[in-house]
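Engineer: I'd like to ask some things about the structure below.
2 protein chains.
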Amino acid sequence: MALIVQKFGGSSVKDAERVMNVARRIVDTYKQGNSVVVIVSAQGDTTDDLIEKAKEINPNASKREMDMLLSTGEQISISLLAMAIQSLGYNAVSLTGWQAGMTTDSNYSKARIKKINTERLQKELEANNIVIVAGFQGINKYDDITTLGRGGSDTSAVAIAAALHADLCEIYTDVDGVYTADPRIVKSAKKLDSISFDEMLELASLGAGVLHNRSVELAKKYNVNLMVRSSLNNNPGTVVKEENKMERMIVKGVARDNDVARISICNIEDKPGMAFKVFSLLASKKINVDIILQSIGREGKKDISFTVNEDNLEKAVEILEENKERLSFEELKTSNEVSKISIVGSGMVNNPGVACTMFEALYDANINIHMISTSEIKVSVLINKKNADKAMNVIHEKFNLAE
Amino acid sequence: MALIVQKFGGSSVKDAERVMNVARRIVDTYKQGNSVVVIVSAQGDTTDDLIEKAKEINPNASKREMDMLLSTGEQISISLLAMAIQSLGYNAVSLTGWQAGMTTDSNYSKARIKKINTERLQKELEANNIVIVAGFQGINKYDDITTLGRGGSDTSAVAIAAALHADLCEIYTDVDGVYTADPRIVKSAKKLDSISFDEMLELASLGAGVLHNRSVELAKKYNVNLMVRSSLNNNPGTVVKEENKMERMIVKGVARDNDVARISICNIEDKPGMAFKVFSLLASKKINVDIILQSIGREGKKDISFTVNEDNLEKAVEILEENKERLSFEELKTSNEVSKISIVGSGMVNNPGVACTMFEALYDANINIHMISTSEIKVSVLINKKNADKAMNVIHEKFNLAE
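Here the protein sequences line up with chains A and B, keeping their order. Its first residue numbered 58, the first sequence is counted upward by one per residue in the numbering used here. Its first residue numbered 58, the second sequence is counted upward by one per residue in the numbering used here.
Dropping the structure here:
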């Protein structure tokens, strides 16, 4: 008798047939004697369609109203999924974010969970109901509906698993688990049986795209037993858990992030405080900066290069140009024809030659590196986008990840 | 500085253009210095589409889950309408049924309003917001979402107008107001400047289709100043109010109900209690019976005929056939090729010849009457559906309603 939290994404419930498949899988878990709480996202393209509807009327709608609108997507999928389970002869009850006690701050469109009041959830579980909860949404102190932003449903699932002290939190996706590299790009990529929270965090933020890092951070904080597995088959999936130091591999996987853009601020004055001015300006507009590279220039000038998410490129350029005089730089150069390739592995910290091996693989393949960034458990390089797939393959091979 | 409640139906907000039109109309009212609360239905076919989605998965879904699903329709339209008003430069805030304090009983899919907690509504009005409330929905004591069933949004509007002691409750439809007859059928039909609550109640329940009788009953109970008007033009509309005895006309209008079916129970035993048995059986299945006619038969037998809503015909026949032995009747005859034509007017009670004049009009037109039913302020007849339009015209003319 375990308590299992299962999370299904939008593509898993995109039409009636998929909803019924998910319902059968949930019922299977329930029939094995488990209590089941299910978190579900909006069906397929629902959220995009709602955004389209809003844009037609007001491209600058208030975020409060956008959250009111978008939260209907999950409300539709929870009720349909509950109906599907009922049609199989089992008791199910759907709960919106606010009904499930998901309280958040008031940062509409990217609210953060503050607390989960589990009273209602527990009452429904005690009544032997399969409980279906709307992911991605909550309620603030004004009784207004909020949404959690990107990766919101994963985060909802992990938060509810933590609050209920669930035995397991299963995240269902359209892949079998976490791989040493994207199997669509690297044919010999291998599924990992397990990965540590820290490694998963690096992979998530590096564009591996299986789990959002907010949910992994939360799982790490509350030590939630997490499993990533496929909604399309019964393969075991990958367990994400506290690191087992005995087992650690030097390099766990290779990830690619294509949604990246590089900005170079050329010939900025070489005096104290310039980097602070540039990055505090970007931070004030909530633009996250990833890799930063500063080069020594000539005649009291230098270049500062950095990467941002591709979506933020325009905004970043705009704010920098507005402050061109104050920052006293000569020109901006930008490119979104770049990709970030990273290797991740918690064993890396004790193996100084790892980065070098990666660079060697790229050199052998005649791939030029624009920027380099390292942390204790990862090495990232920025290269031309057209070389990204080739780079992943040569790195995967160099580290023998297929074995 | 008046407080005005406005209600817009689904066709008034069916697409972005219509939503903007409604927004402009609301802003016009607000700019004249009024406080405005708007009740809005789901856009166009949204509710039907959602029902279709549910049916695909589970044709017998629980009503709780259906209400969870359907309530998203209004939640979408309130947020879009609030965004539209914001795009015109005015402050608007959307509220779901539960946020607006609309508490109901737990009769899912046709819940009745128990109380409106106006705290939030009043707070938003004090902040000078235009308040957009989801019609048709509320919340029960378990914190579950309920819907109010047919005519729900009109009822929401009147209930909120009553709770806030609004100066006026405007119900916007696609017609200019209440007519002496349906202008699509009777070319000379005339718009009424005003009509009493009781007359409107009879017209609403008789299929005039402008206002649902639940909302009129509520308006009468709390003496809400009601106006029915068009969302497509600025014509003044029809005021629905307490009867002014000085003004009363003998016949106010002619209405038609085509969604009616007749059931005849033939050769049932002529002994005490038979009518009770038949109608309590139907009541137990929540089938409303309208006109009842009992004829004396031969040899200890009689016939009982009555009308039900066309949608209930199948269910009524089924339950009667199941109890054929207990009720000991010979056969059931049914027809849905019938229409109910009614005349309504509060002056009728003092004018005994009114019914007779109606029958004469039908006789002159060679239209046969199957059943007759009368109340203090109306006379209804059941005739063949194919004669319905003709009947309305000859009755309208006979009573000189065009003048």
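Yeah, the Cβ is synthetic: ideal placement off N, Cα and C, and Gly gets one too. Every value quoted in this text rests on a predicted model; they were computed, and no experiment measured them.
#1: Assuming B/C226 and B/V281 form a contact by the criterion Cβ under 8 Å, report the distance between their Cβ atoms to the nearest whole angstrom.
#2: For chain A, check one thing: does any of its Cβ atoms lie closer than 8 Å to the Cβ of B/S288?
#3: Sort A/V346, A/K248, A/V70 and A/K172 by Cα distance to A/K198 and report the nearest one.
#4: Roughly how many whole angstroms lie between the Cα atoms of B/L145 and B/E300?
#5: Opposite B/D314 in the DSSP bridges: which residues?
#6: Would you call A/F333 buried or exposed, if buried means 16 or more other Cβ atoms sit within 10 Å of its Cβ?
#7: Rounded to the nearest angstrom, what separates B/L370 and B/N117 at their Cα positions?
#8: Which same chain residues end up closer than 7 Å to B/G234 when comparing Cβ atoms and leaving out the 5 residues on each side of it in sequence?
#9: Between B/A412 and chain A, is any beta-carbon pair separated by less than 8 Å?
#10: Taking Cβ to Cβ, would you say A/M125 is nearer than 8 Å to A/G90?
#11: Spell out whether any CB of chain A is found under 8 Å from the CB atom of B/A184.
#12: Quickly, what does DSSP pair B/C323 with across the bridge? List them, please.
#13: I need the straight-line Cα distance from A/E113 to B/A73, nearest angstrom please.
#14: Look at A/A191 and A/E122 and say whether their C-beta atoms are less than 8 Å apart.
#15: Cβ of B/V297 within 8 Å of Cβ of B/I400?
#16: Below 8 Å on C-beta distance, what does B/D421 contact in chain A?
#17: Return yes when the Cβ of A/L384 is within less than 8 Å of the Cβ of A/V335, no when it is not.
#18: Contact between the stretch 212 to 227 of chain A and the stretch 252 to 260 of chain A: three or more CB pairs below 8 Å?
#19: Just the C-alpha distance for B/S430 and B/I452, rounded to the nearest angstrom, thanks.
#20: Using a C-beta to C-beta distance shorter than 7 Å, which residues of chain B count as neighbours of A/I113?
#21: Under 7 Å Cβ to Cβ from A/N393, same chain only, skipping five residues before and after it: list those, please.
#22: Quick one: which residues of the stretch 136 to 151 of chain A get their C-beta closer than 7 Å to a C-beta of chain B? List them in chain order.
#23: How long is the line joining the alpha carbons of B/Y165 and A/N164, rounded to whole angstroms?
#24: With a threshold of 16 other CB atoms inside 10 Å of the CB of A/E181, please say whether the residue is buried or exposed.
#25: Tell me which same chain residues have a C-beta within less than 7 Å of the C-beta of B/D162, skipping the five on either side of it?
#26: If you drop the 5 nearest sequence neighbours on each side, which residues of the same chain put their C-beta closer than 7 Å to that of B/F386?
#27: In this structure, does DSSP put A/F456 in helix, strand or coil?
#28: Using a Cβ-Cβ distance cut-off of 8 Å, determine whether B/I133 contacts chain A.
#29: Rounded to whole angstroms, what is the Cα-Cα separation between B/V95 and A/T104?
#30: Find out if the Cβ-Cβ distance for the pair B/T175, B/R271 is shorter than 8 Å.
#31: If we require 4 or more residues per run, which alpha helix (DSSP H) segments fall completely within the stretch 238 to 275 of chain B?
#32: Quick check on this structure: which residue in A/A149, A/A157 and A/S128 has the alpha carbon closest to the alpha carbon of B/T153?
#33: Could you pull the start and end residues of the beta strand (DSSP E) that A/L60 belongs to?
#34: Using the Cβ count rule (16 or more neighbours within 10 Å means buried), how would you classify A/K435?
#35: Any C-beta of chain B within less than 8 Å: which residues of the stretch 97 to 125 of chain A qualify?
#36: Measuring straight from C-alpha to C-alpha, what distance separates B/A373 and B/E382?
Structural biologist: Reading it off the structure:
#1: Here residue 226 of chain B refers to the residue found at position 169 of the second sequence. Here residue 281 of chain B refers to the residue found at position 224 of the second sequence. Indeed, because the Cβ distance is near 5 Å, the residues count as touching under 8 Å.
#2: Counting from 1 along the second sequence, the entry for residue 288 of chain B is found at position 231. No, no contact with chain A.
#3: Translated into positions along the first sequence, residue 198 of chain A becomes position 141. Looking at the Cα atoms, A/K172 is the closest of the given residues.
#4: One-based indexing of the second sequence puts residue 145 of chain B at position 88. One-based indexing of the second sequence puts residue 300 of chain B at position 243. Approximately 40 Å, taken between the alpha carbons.
#5: Counting from one through the second sequence, the residue named residue 314 of chain B turns up at place 257. Paired residues: B/K397.
#6: Your numbering for residue 333 of chain A matches position 276 in the first sequence. The residue is exposed, with fewer than 16 neighbouring Cβ atoms inside 10 Å.
#7: Taking the second sequence and counting its residues from 1, one reaches residue 370 of chain B at position 313. Taking the second sequence and counting its residues from 1, one reaches residue 117 of chain B at position 60. Roughly 19 Å separates the two Cα atoms.
#8: Residue 234 of chain B sits at position 177 when you count from the first residue of the second sequence. If we look at B/G234 and ignore the five residues flanking it on each side, its Cβ neighbours are K248, L249, V285, R286, G294 and T295.
#9: Residue 412 of chain B sits at position 355 when you count from the first residue of the second sequence. It does not: the Cβ of B/A412 has no partner Cβ on chain A nearer than 8 Å.
#10: As a first step, residue 125 of chain A is located in the first sequence; it is residue number 68 there, counting from the start. As a first step, residue 90 of chain A is located in the first sequence; it is residue number 33 there, counting from the start. Their beta carbons are not under 8 Å apart, which means A/M125 does not touch A/G90 by this criterion.
#11: Position 127 of the second sequence, counting from 1, holds the residue named residue 184 of chain B. Not an interface residue.
#12: Residue 323 of chain B sits at position 266 when you count from the first residue of the second sequence. DSSP lists B/E388 as partners of B/C323.
#13: Residue mapping note: residue 113 of chain A aligns to position 56 of the first sequence, counting from 1. Residue mapping note: residue 73 of chain B aligns to position 16 of the second sequence, counting from 1. Taking the straight line joining both Cα atoms gives about 7 Å.
#14: The sequence position of residue 191 of chain A within the first sequence is 134, counting from 1. The sequence position of residue 122 of chain A within the first sequence is 65, counting from 1. No. Outside cutoff.
#15: Here residue 297 of chain B refers to the residue found at position 240 when the second sequence is read from its first residue. Here residue 400 of chain B refers to the residue found at position 343 when the second sequence is read from its first residue. It is not a contact, given that the beta carbons lie outside the stated cut-off.
#16: By 1-based counting over the second sequence, the position of residue 421 of chain B is 364. Neighbours of B/D421 on chain A: none; closest Cβ ~55 Å, over 8 Å.
#17: Your numbering for residue 335 of chain A matches position 278 in the first sequence. Your numbering for residue 384 of chain A matches position 327 in the first sequence. Result yes, Cβ atoms of A/V335 and A/L384 sit closer than 8 Å.
#18: no
#19: Within the second sequence, the letter at position 373 stands for residue 430 of chain B. Within the second sequence, the letter at position 395 stands for residue 452 of chain B. Their backbone Cα atoms lie some 16 Å apart in a straight line.
#20: Residue numbering aside, residue 113 of chain A sits at position 56 when the first sequence is read from its first letter. Correcting the residue identity first, residue 113 of chain A is Glu in this sequence and not Ile. Correct list: A73.
#21: Here the question's residue 393 of chain A lines up with position 336 in the first sequence. Correct list, in chain order: A318, E367 and L370.
#22: S136, L137, A139, M140, A141, Q143, S144 and S151
#23: Position 108 of the second sequence holds residue 165 of chain B. Position 107 of the first sequence holds residue 164 of chain A. For B/Y165 and A/N164, the gap between their C-alpha atoms comes out near 33 Å.
#24: To locate residue 181 of chain A, count along the first sequence from 1; it is residue 124. Flag for A/E181 reads buried.
#25: For the purposes of this step, residue 162 of chain B is taken as the residue at position 105 of the second sequence. Here the set comprises A168, R169, K171 and N197.
#26: Within the second sequence, numbered from 1, the residue matching residue 386 of chain B stands at position 329. Within its own chain, the residues whose Cβ lies closer than 7 Å to the Cβ of B/F386, once the five positions on either side in sequence are excluded, are I322, C323, N324 and I325, listed in chain order.
#27: Against the first sequence, residue 456 of chain A aligns to sequence position 399. Coil, per DSSP.
#28: Indexing the second sequence from 1 puts residue 133 of chain B at position 76. For B/I133, at least one C-beta of chain A is nearer than 8 Å to its own C-beta.
#29: For the purposes of this step, residue 95 of chain B is taken as the residue at position 38 of the second sequence. For the purposes of this step, residue 104 of chain A is taken as the residue at position 47 of the first sequence. Approximately 26 Å, taken between the alpha carbons.
#30: In the second sequence, counting from the first residue as 1, residue 175 of chain B sits at position 118. In the second sequence, counting from the first residue as 1, residue 271 of chain B sits at position 214. Result no, Cβ atoms of B/T175 and B/R271 do not sit closer than 8 Å.
#31: 254 to 262
#32: Taking the first residue of the second sequence as position 1, residue 153 of chain B is located at position 96. Looking at the Cα atoms, A/S128 is the closest of the given residues.
#33: In the first sequence, the residue the question calls residue 60 of chain A occupies position 3. Where A/L60 is concerned, the enclosing beta strand (DSSP E) starts and stops at L60 to F65.
#34: Within the first sequence, residue 435 of chain A is the residue found at index 378, counting from 1. So A/K435 ends up on the buried side.
#35: So the list reads L107, K110, A111, E113, I114, N115, N117, A118, S119, R121, E122, M123 and M125, given in the order they occur along the chain.
#36: Looking up residue 373 of chain B in the second sequence gives position 316. Looking up residue 382 of chain B in the second sequence gives position 325. In a straight line, the C-alpha of B/A373 is about 16 Å away from that of B/E382.
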